[in-house]
Every structure is written in C-alpha cells, then in structure tokens.
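Student: With full-length UniProt numbering, the residue at position 353 of the sequence shown is 353, and numbering never jumps.
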Amino acid sequence: MTRPVRVLSLYEGFFAGGARILHSDVVTGLVADGTQEHRVLSLTSAARRDASLQFAHDDTRFRRLKDRGVRIDTFERIAGDRPLAPEDFTRSELEHAARLFDEADVILSLKEQPLSLVVALERAGLLPDRAIAACLHRSDPGHSGPALGWLVEAAATGAVTATISCAESTSRAYARAGVSAGEAWVIDNGIDTRRFRPGTRAERRRIRAGLGIPDSAPVVLLAARFDAMKDPGLFLRAVSAHARSAPGTHYVVCGSGMTRTNPAFVSLLADSGVDEGVDLHALGLREDMPELYRIADVIALTSAFGEASPLCLVEGAASGAVPVTTDVGDAARLVEGFGLVTAREVGAIVEAWGDALALGPALRAAALSARTRMDRGRMIADYRAAVEGLLVSRALAA
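What follows is the structure, given as structure tokens:
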C-alpha cells in the first residue's frame, strides 16, 4: 500500500480516564511518521461524569489530537451512566458512520462500549467489510454491562476481527467471558518519559510551595477519579489511620470528582474518620499530573476491581515516587522490583505506605533504572505492527 494506512478510532466520548489518555497518545504517536492517517469518531460530544458535565472540545486529549491534525467527528449526544445501545442510533448517524468506516482501512474501538455502533451497523446491513479491533483496558469484563454482550456478538459474527489488550489479565478475562475474536494481541502500556520524570530540587520546592506543602513533608498521592472501582473510601480510611501514626504527612487526591465541591466525596470523607487537622489536598481534575507526581513520595492505588495496567503506577514511578498498589489486574507485575503490593485492608495499606517511605531511596533508584521499559516508544511500535498485522490478515482472508 503506497498511500498511508487510514485508521478510524471509535470513542464513547472524551472525558477523564486512563484508557482515553493512552489511546490518544497512541494515535498521536502513530501519525508522527506519516505512514498512517488517523481519524476519530466520538459517539458523544459531552459527558456527564463524576458530578460534572465535561465537553469534548474542552478535553485535553481532544485538543491534542486536533493539534496533531487528527480529524474528529462527534454525534451530538451526552454520555451518561449507560453506553449508547445499538437501537439508540438514528439512521442519519448510522449512514454517517458507515461512510467513515468505508473510508478507513482499519477500525480501532477504544474499549467495548463503542461497539454498539458496530452491532447497529451490522444489523442495519450498513457495515463495510473492514478489519476491526477492540482495544481493551479492563480486567473485569462483567462490569462493562451490556457492552460485553456487544463485543461477544461482534466477535462471534466476525465483525470484530481482533482484540488488543493492555494487560495479560485483560486478555485472559475477556477470553473467559466468551470473546472469541480471530486474533489477540497484548500490548503493555507505555508513557512519555520526557514528561514523566523526576523533578529538580527547585521544581519540587516550587510545586510544593504552590500547594502549601513543606519541603520535608512526606506526600502520598492518589490519582484516580471518584468511582467505586478506585475505592476512594478505602484510601481515605487508610489516610485516617496513617495520619495518626505519621503526623506531618500530606495526602493529595486528584481526579474527576475528587474535590470538596462533590457532595459524595465530602460525605465519604466524613465517614472515613479523617480528622480536620489532617493535611488532605482534594484537587479534583488536574492537567498538571507530571508536576504532582514529582512531589509525591508514594503513589497509591486502592482499586477494588477493573484495573488492567494502571497508568498512574508507571507515571508515578518514572517520576520518582514509590508505587503501592492493591493486587488488581497486572499491577503486581508492573511494579515488580520497585513497588509494593498490599492487601485491600486499612492496616496492610498503612504498613505498606510506611515501608515505602522507609525504603524510598532504594525503591526510587530501582524505578528510575526501569524507565526505559516504561517508555511509550515501544508501545507505539507494537501498535503500528498490530495495525499492519490486521491489514495482512484481512488481505489473506480475502
């Protein structure tokens, strides 16, 4: 093929989330050398998430893709608590999507939710014969609701020809759930290690001063949206207990809904027993994550389910923080050699945070030595090979 490969990515919408950050990074990386042209179709133009309405055009990922020349089409809908079902699409939406599919060589679906569109196109007889891969980012497909059924159906009919999972645990979980696509890749997440790097002494002092955190104070950071999957209540109960044994520690929470303007967060904070004198910084959704990671001593993850290959763990580690995580998805494999894995119990978490602070210099050195394997360059190359592989497979099957 002498012209660039044309790839269309399907998004449920543009709103805060690690999978959207990662996939958008993949797209910007793949367009860089001119061998591929990328376009995005978002099923929604806004999203109601975590007690806020988030517009696609305000999203950092949206703006970054636009800046890189990626065309983005959106349906004028609002993403809510449930994904759009196949029967929800109008005829004009299906015809518009069919045109975009027909112009592409390969379709990538960001998670399984957008596959309702593929199912709808197939049922309406409008689905062009194209290679379609579902990019999967969960380790608990049962929590995907009806979207799992759409993926199973689309794979069974041959509409979805492959899966690309971000973790071994993800690939195994979807196979157990009955997803039988023709091909299955596992591509580990990667990050931009130029952005996620340790801070200089001057940078750390400036960032801490901006938050009112003393230079010498230990900092435990949770970067997660306000969602049951992340179990913010467990984190806050651990903060309550840890603060009693390690006074002077500062705790930073950031992510959509992690703010005192969210009544549900305030209620959970009150129930957790965190004393008013504890230095808890609830920052909400932030766009300066590299800076926040640079001041952290511990990057915490208390998730209960759903995680596959959590970006926060490698972003924090690459910035010099020690990851302490519950055993979800591939988290234990990700942090092996430079992080700690803890049980989902307050006492165990408090002990692990204490160990991470005590062993900080050694674990930090181990994490920084592993930065090469965390880099996004390897991930981009693997995705490029997967897209080319999808085309080869389609040609051989023709």
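C-beta atoms are modelled at their ideal positions from N, C-alpha and C, and glycine is treated no differently.
Quick check on this structure: which residue in Q113, F101, T302 and R197 has the alpha carbon closest to the alpha carbon of P128?
Tutor: One-based indexing of the sequence shown puts residue 128 at position 128. Of the candidates Q113, F101, T302 and R197, the one whose C-alpha sits nearest the C-alpha of P128 is F101.
Student: CB V314 to CB M374, shorter than 8 Å?
Tutor: Indexing the sequence shown from 1 puts residue 314 at position 314. Indexing the sequence shown from 1 puts residue 374 at position 374. Going by C-beta atoms, V314 is nearer than 8 Å to M374.
Student: Below 8 Å CB to CB, which residues in the same chain sit around S139 once its five sequence neighbours on both sides are set aside?
Tutor: The residue you call residue 139 lines up with position 139 of the sequence shown. A167, S169, T170, A173, F305, G306, E307, A308, V328, G329 and D330, listed in sequence order.
Student: Within this structure, are the beta carbons of A120 and E12 separated by less than 8 Å?
Tutor: Here residue 120 refers to the residue found at position 120 of the sequence shown. Here residue 12 refers to the residue found at position 12 of the sequence shown. Taking 8 Å as the Cβ cut-off, A120 and E12 do not qualify as a contacting pair.
Student: Looking only at its chain, what residues have a beta carbon closer than 8 Å to the beta carbon of R49, apart from the 5 residues adjacent to it on each side?
Tutor: For this step, residue 49 is matched to residue 49 along the sequence shown. Only F15, A16, A79, R225, S256 and G257 meet the Cβ criterion.
Student: Secondary structure at A162, three-state DSSP: helix, strand or coil?
Tutor: If you number the sequence shown from 1, residue 162 lands on position 162. In the structure shown, A162 sits in a strand (DSSP, three-state: E or B).
Student: Taking the beta carbon of R204 as the centre, do at least 16 other beta carbons fall within 10 Å, making it buried, or is it exposed?
Tutor: The residue given as residue 204 occupies position 204 in the sequence shown. Buried, because 16 or more other Cβ atoms sit within 10 Å of the Cβ of R204.
Student: When burial is assigned at 16 or more other CB atoms within 10 Å of the CB, is R376 buried or exposed?
Tutor: Along the sequence shown, read from residue 1 onward, the residue named residue 376 stands at position 376. Buried.
Student: Contact defined as beta carbons within less than 8 Å: I believe T302 pairs with D231. What is the distance between those atoms, to the nearest angstrom?
Tutor: In the sequence shown, the residue the question calls residue 302 occupies position 302. In the sequence shown, the residue the question calls residue 231 occupies position 231. Going by Cβ atoms, the distance from T302 to D231 rounds to 5 Å, so yes, they are a contact pair.
Student: Going by Cα to Cα distance, which pick from L283, V7, P146 and T161 is closest to R82?
Tutor: Counting from 1 along the sequence shown, the entry for residue 82 is found at position 82. Per the Cα distances, P146.
Student: What are the boundary residues of the beta strand (DSSP E) that includes T325?
Tutor: For the purposes of this step, residue 325 is identified with residue 325 of the sequence shown, where counting begins at 1. Start and end: V322 to T326.
Student: Less than 8 Å between the CB atoms is what I'm expecting for residue 407 and A131, so what's the real figure, rounded?
Tutor: Any property of residue 407 remains undetermined from this structure, which presents the chain solely from 1 to 398.
Student: Is it right to say T161 is buried, meaning 16 or more other beta carbons lie within 10 angstroms of its own, or is it exposed?
Tutor: Your numbering for residue 161 matches position 161 in the sequence shown. So T161 counts as buried.
Student: Indicate the three-state DSSP secondary structure (helix, strand or coil) for I21 in the structure shown.
Tutor: Here residue 21 refers to the residue found at position 21 of the sequence shown. Helix, per DSSP.
Student: What is the DSSP secondary structure of D375, counted as helix, strand or coil?
Tutor: Numbered from its first residue, the sequence shown carries residue 375 at position 375. D375: strand per DSSP, three-state reduction.
Student: Beta-carbon separation of W185 and A386 under 8 Å?
Tutor: Residue mapping note: residue 185 aligns to position 185 of the sequence shown, counting from 1. Residue mapping note: residue 386 aligns to position 386 of the sequence shown, counting from 1. Cβ distance < 8 Å, so W185 and A386 count as in contact.
Student: How is the alpha helix (DSSP H) around I349 delimited, first residue to last?
Tutor: Mapped onto the sequence shown, residue 349 falls at position 349. Counting along the chain, the alpha helix (DSSP H) containing I349 begins and ends at V346 to A358.
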